[in-house]
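Using the numbering used here, read the sequence shown as starting at -15 and increasing by one per residue.
Every residue, glycine too, gets a C-beta built ideally from N, C-alpha and C.
These figures come from a predicted structure and were not determined experimentally.
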Amino acid sequence: MKKFNFRKVLDGLTAASPVGSSGGGSGSGAGGSVHPGGTAGAAGTPREEIQETLTSDHFQICKTVRHGFPYLPTALAFDPVQKILAIGTRTGAIRILGRPGVDCYCQHESGAAVLQLQFLINEGALVSACADDALHLWNLRQKRPAILHSLKFNRERITYCHLPFQSKWLYVGTERGNTHIVNIESFILSGYVIMWNKAIELSTKTHPGPVVHLSDSPRDEGKLLIGYENGTIVFWDLRSKRADLRAYYDEAIHSVAWHHEGKQFMCSHSDGSLTLWNLKSPNRPFQTTIPHGKVQRDGKKPESCKPILKVEYKTCKNSEPFVIFSGGLSYDKPCRRPSLTIMHGKAITVLEMDHPIVDFLTLCETPYPNEFQEPYAVVVLLEKDLIVVDLTQSNFPIFENPYPIDIHESPVTCTEYFADCPPDLIPVLYSVGAKHKKQGYSNKEWPISGGAWNLGAQTYPEIIITGHADGSVKFWDASAITLQMLYKLKTSKVFEKQKVGEGKATAEIVEEDPFAVQMMYWCPESRIFCVAGVSAYVIVYRFSKHEVNTEIASLEVRLQCEVEDIITPEPETNPPFPDASSQLPSLKSLSGSTNTVACEGTMKDSIPCLSVKARPVRMPPGYQADLVIQLVWVDGEPPQQITSLAVNSAYGLVAFGNCNGLAVVDFMQKTVLLSMGTLDLYGSSDPYQRQPRSPRKSRQFAAGLTELSDSPVSLELERCKSPTSDHVNGHCTSPTSQSCSSGKRLSSADVSRANRRGPGRPPFRKAQSAACMEISLPVTTEENRENSFSRSRSSSVSSIDRDSKEAITALYFMESFARKNDSAVSSCLWVGTGLGMVIILSLNLPASDDSRQSEPVMVSPSGTVLTLKGAVLTFACLDCMGTLTHQPYEVWRDPHSADDGDKARKRKLVMHSPSSSQDMGDHQFAVICSEKQAKVFSLPSQTCLYVHNITETSFLLRADVVTLCNSVCLACFCANGHIMTLSLPSLRPLLDINYLPVTDMRIARTFCFTNEGQALYLSSPTEIQRLTYSQEMCDNLQDMLGDLFTPVETPEAQNRGFLKGLFGGSGQAFDREELFGEATAGKASRSLAQHIPGSGGIEGVRGAAGGVIGDLTRARIALDERGQKLGELDERTASMMASAEAFSKHAHEVMLKYKDKKWYQF
């Protein structure tokens, strides 16, 4: 009967639900909510009472904003009138930055690297040139920029672009040495081409190389300076179509810069030299310098240096000109850091950078190239940073950067996201963080100040927390889709510094980044913060506004498991692991080495991995360490990494687990309450028969934060094909398989790439970030088609050496019914394991607050065990009305407040207990989600009311119970890229979108959901991508985004004076339209480049849907379409006229031919 019901319900749901793509990438098409037969009675009553308000109409997914430093930057541009900055990247992304809050991300569909960016100054448009030889015109007059036109070159490769100020003709230099001209309005090539063989002298026998520079003369727009790579410079007269002068230098040119008067220009070369040329005597440079070259004693030319990659030559009215360049350092100092050199008069200042320089731009007061430039700042784009130098002060200080571009200062290892948290937290965290501000910045305003931004309608506070490889934790204000750092906590300060090079054997289990943060747990209400580190420790922090000087309390915990998970009677033998090290080059571990430090001499036992400081430590206001708990070595075996973590301020307890078992610590009394192997937690309720085992002989450990490890072993497990129970780090942990006899440790180098792919699925790229937590992708076979990741709670997906043990994967403190016949709720700890088992532990707390510090807390298994398929990920509790029951907490009080006096103040607890009021009813719902399915149980009856099999072919990486629109739902992120939401308590599917393919381990490791329909993940090692799954937020997103373009008057050109106008330049105005237009220059060859219309028009209308901009955009598009139609009409009319004329001519010829002939002569 029961089986039949299951099938009928599943079949009905499968038929009704939308099916994803077939094969391994399918979504939850096979899932379905199940109400098992026979669960009537008490369990059936609440089901009818609860009115679920969320529907699929409440959900929609879209990206909101991207924070952080653009990953792998390649290009830089600045609009001096709008004062906005654009950065292009190797992945085809463009980030446009203005005042704080104005931050826009766009992406080329091709994904080709951005070679160069050019603003149409004060026009609200941007031209990008990409590595696939395409030019794109972006419309910035809308909140989400879009491409209006594209032009794809077919036969030539683009190397350099130049757009003169207030011109609509773009000069494009190519690898063949030719220069083409593009009309910016129509994005069509002009027939005017400057061929390389016409530009150079006829007597020259060699090709001059690619075009590396193009610029028009500041003195005469009709003259174009073309720089070729081999050292040839051509000054081309556009009107007469011939070279006015040619200059040659025997070193390759990297860049060219004009003096504003247009009589001189400067070149930078590959030998570290700068040459200054005068147009009147182009035979040789009138000045050659090697700024960083050593002067030879015998008067010879200074020795050559590294290439000067770029030079800028900027004039000032009241002082010497600035010459600014990157590179050019001497070869004899190989350890010198990348530098920017500023030459001002006779003073030479070298600014050393932390990272290689990608590009730099000098910001000047005027956009006109023929006026005194008056530079005031230099924007320096580094590989991993953005720096702005103040040129107006003699010591060249840098500006304090207002953007959150230091997210990656140390690689991010885990993230947590809190929306709608208590409003007082942000100012409090900012006040303690502001005291750590650095000094020595420029006192001027940040110069990139363009665009407009307002708060929008969203008012609730949001906080993002990032954990890092160096042990630091950063708290960020993420309200209203901005990001600003509030406070930084260094967790490594509780430990003694590691002494390098002593040669002694240490107890460390990771050689690099031993303080890397693996998991974080934060209670915003009580301000208790807890971190778990890679070296198997947990630190409990309390928040205080007062500085203290105190010793750090520490505890040591032994966690050891003496049994092996083997289900009898059918043990299955697996061959030992093959040595696959020859198949793949070894991966370099960036943040945690898997090499265990060799144990020399005595066997390590009962010693922790790190040493806590024994002396009193000064703790500034903010988060102060209250207790450090360290797992210790046991019989020469290192402690295993922590896989789950929970803390509760009301109970005063912290719980954490790993693959050996569970520990519960009272952080108020600083005592260990429980340290027990996973199997002992079951007591007599163990659903499996286990065989005792002897302790391991081989010492094996994985750092778990950087390397990928897979097991090339066929795994067959029908009950739970979970990655946490299947295999991890080369050790088969399936209950149906025996432990490997081989003591060989598989590192990431031993992984076979073929084993990591499922049918029809793309290969996964290796994690790039240092300290990226690992994910194991198991082998795909006919028996087991699971492409899965090893998974621990809170998305800190870490590969742990579980060695055939049952890991603790989820922990949750709540007021609940521990046993079937309980009449009232009590304090409980819910424990979830890697085999899908849920164990409820009872907590017996002292009755009165006074006795809490003295009387012991009792922790005991309740005997209740629930089961799911797959490793347990998350828990939640709903009251009988379906409302989310929050965990109990203690209201925050300052532990070091001066008004404490002698007597300790009473703790103020908020229990949120359903039993505290009569209308809460006598039952509650427990929501449990595993990697494969979600279940809702009615308590205390422990009846399973609802089941939803979320996925058959994949597994969940993250699941969170979140609030949205005053209701509650379960949000899930699946390894096949699907984002899903389920209603609670009935587990109806509300959203299932194949949104984000997990192409990188980083996404799986950092993805997290929060309340109000928000989520985030690390899209690159340096950037956080935020997204929303709320329809309401998608609808309001336009109002929240900043405006990139604001109407600004273009400054007027300076009056040049009568004499200067008469003698200083070309008398006649230069009409580019007349010269480059189709009437004069003709059409370019169609095979040379292909015009592709963009989608920017329609998106522009949507983006500017309200107000004048929307109307103007619509009118502009209508005019464009009308113009296009009129153009087509003109062409048709012209062809008809030509046809009529030909007909008339032909008729006239016939008439003349037969004019004088008689009828009989025809």
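- By a C-beta neighbour count over all protein chains shown, 10 Å radius and 16 as the cutoff for buried, is SER187 buried or exposed? Counting the other Cβ atoms within 10 Å of the Cβ of SER187 gives fewer than 16, which makes it exposed.
- Message: Only counting the same chain, and skipping five residues up and downstream in sequence, which positions put a Cβ closer than 8 angstroms to that of PRO381?
- Response: Correct list, in chain order: VAL373, ASP374, GLY424, TYR425 and SER426.
- Message: Taking a contact to mean a Cβ-Cβ separation below 8 angstroms, would you say PHE859 touches ALA910 in this structure?
- Response: Cβ atoms of PHE859 and ALA910: closer than 8 angstroms.
- Message: Within 10 Å of its beta-carbon, does GLN91 have 16 or more other beta-carbons around it, so buried, or fewer, so exposed?
- Response: When all chains shown are included, GLN91 counts as exposed.
- Does the segment 295 to 308 come within contact of the segment 336 to 349, defined as at least 3 CB pairs closer than 8 angstroms? With three or more CB-CB distances shorter than 8 angstroms, the segment 295 to 308 counts as touching the segment 336 to 349.
- Query: So the alpha helix (DSSP H) THR990 belongs to, where does it begin and stop?
  - Reply: Per DSSP, THR990 belongs to the alpha helix (DSSP H) from 985 to 990.
- Opening and closing residue of the alpha helix (DSSP H) in which PHE459 lies: Looking at the DSSP string, PHE459 is not in any alpha helix (DSSP H); the run it does join, the beta strand (DSSP E), is 456 to 461.
- Query: What's the gap between the Cα of SER577 and the Cα of VAL518?
  - Reply: For SER577, the pLDDT reaches just 32, beneath the cut-off of 50, and the residue's location in the model is therefore unreliable, although a value from the coordinates is still provided. In this structure, the alpha-carbon of SER577 lies about 11 angstroms from that of VAL518.
- Item | With 16 other Cβ atoms within 10 Å as the buried cut-off, status of LYS189 | Burial is judged here by how many other beta carbons sit within 10 angstroms of a residue's own beta carbon; LYS189 has fewer than 16 and is exposed.
- Query: How is LYS472 classed by DSSP in three states: helix, strand or coil?
  - Reply: Strand.
- Message: Distance check for PRO969 and ASN933, CA to CA, integer angstroms please.
- Response: Answer to the nearest angstrom: the Cα atoms are 15 angstroms apart.
- Cross-strand partners of THR450 (DSSP beta bridge): The secondary-structure analysis by DSSP pairs THR450 across a beta bridge with THR399 and LYS458.
- Taking the DSSP output, what are the residues bridged to GLN998? Note: GLN998 sits in a beta bridge opposite THR994 and THR1012.
- Query: Going by alpha carbons, who is nearest to ALA1037 out of ALA464, PRO353, PRO54 and GLU936?
  - Reply: Minimum Cα distance to ALA1037 is reached at PRO353.
- In DSSP terms, what GLU296 is bridged to: DSSP lists ILE308 as partners of GLU296.
- Closest Cα partner of ASN106 within the set GLN150, GLU384 and ALA115: Nearest option by C-alpha distance: GLN150.
- In this structure, what does DSSP give as the bridge partners for ASN828? DSSP links ASN828 through a beta bridge to MET842.
- Could you please give me the residues that DSSP links to GLY72 through a beta bridge? GLY72 is bridged by DSSP to ALA59 and ILE78.
- Buried or exposed (CB count within 10 angstroms, at least 16 for buried), ASP117: By the Cβ neighbour-count rule, ASP117 is buried, with 16 or more other Cβ atoms within 10 Å of its own.
- Message: Taking its Cβ as the centre, do 16 or more other Cβ atoms sit within 10 Å of ALA1089, making it buried, or is it exposed?
- Response: Residue placement at ALA1089 is poorly supported in this model, since its pLDDT is 40, which falls under 50; the coordinates are not used for a value here.
- Task: Below 8 angstroms CB to CB, which residues in the same chain sit around SER94 once its five sequence neighbours on both sides are set aside?
- Result: Hits under 8 angstroms: GLY76, CYS114, ASP116 and ALA118.
- Query: Which one of LEU324, GLU304 and LYS317 has the shortest CA to CA distance from LYS1147?
  - Reply: Because the chain here runs from -15 to 1146, residue 1147 falls outside it and cannot be looked at.
- Query: Can you tell me whether LYS789 is buried or exposed, with buried defined as 16 or more other CB within 10 angstroms of its CB?
  - Reply: So LYS789 counts as buried.
- Query: Relative to the alpha-carbon of ARG511, which residue among GLN502, VAL946, ILE447 and ALA537 has its alpha-carbon at the smallest distance?
  - Reply: Considering only alpha carbons, the answer is ILE447.
- Message: Helix, strand or coil for ALA1122? Go by DSSP, reduced to three states.
- Response: Reduced to three states, the DSSP call for ALA1122 is helix.
- Item | SER252 to HIS197 span [Cα, whole Å] | Cα-Cα distance, rounded: 11 angstroms.
- Apply the 10 Å Cβ neighbour rule to PRO407 and answer buried if 16 or more other Cβ atoms are within range, or exposed otherwise. Classification of PRO407: exposed, given that the 10 Å Cβ count is below 16.
- Item | C-alpha gap between PHE939 and ILE792, whole angstroms | Distance from the CA atom of PHE939 to the CA atom of ILE792, rounded to whole angstroms, is 18 angstroms.
- Query: So who's on the other strand from ALA794, going by DSSP bridges?
  - Reply: Residue pairing from DSSP places ALA794 in a beta bridge opposite GLY816.
- Task: Give me the Cα-Cα distance between THR466 and THR73, rounded to the nearest whole angstrom.
- Result: When rounded, the distance between both Cα atoms is 22 angstroms.
- Cα-Cα separation between GLY645 and LEU543, rounded to whole angstroms: Spanning the two alpha carbons is a distance of roughly 6 angstroms.
- Task: For the alpha helix (DSSP H) holding ILE410, just list the boundary residues, first then last.
- Result: Where ILE410 is concerned, the enclosing alpha helix (DSSP H) starts and stops at 409 to 417.
- Message: Please list the terminal residues of the continuous beta strand (DSSP E) segment that includes GLU336.
- Response: GLU336 -> beta strand (DSSP E) spans 331 to 336.
- Query: Are the segment 839 to 848 and the segment 874 to 882 touching by the rule of at least three beta carbon pairs closer than 8 angstroms?
  - Reply: Segments in contact, no.
- the segment 617 to 631 in contact with the segment 496 to 514 per 3-pair CB rule at 8 angstroms: Taking 8 angstroms as the limit for Cβ pairs, the verdict is that the segment 496 to 514 does touch the segment 617 to 631.
- Query: Which word fits GLN998, buried or exposed, when buried means at least 16 other C-beta atoms lie within 10 angstroms of its C-beta?
  - Reply: GLN998 comes out buried.
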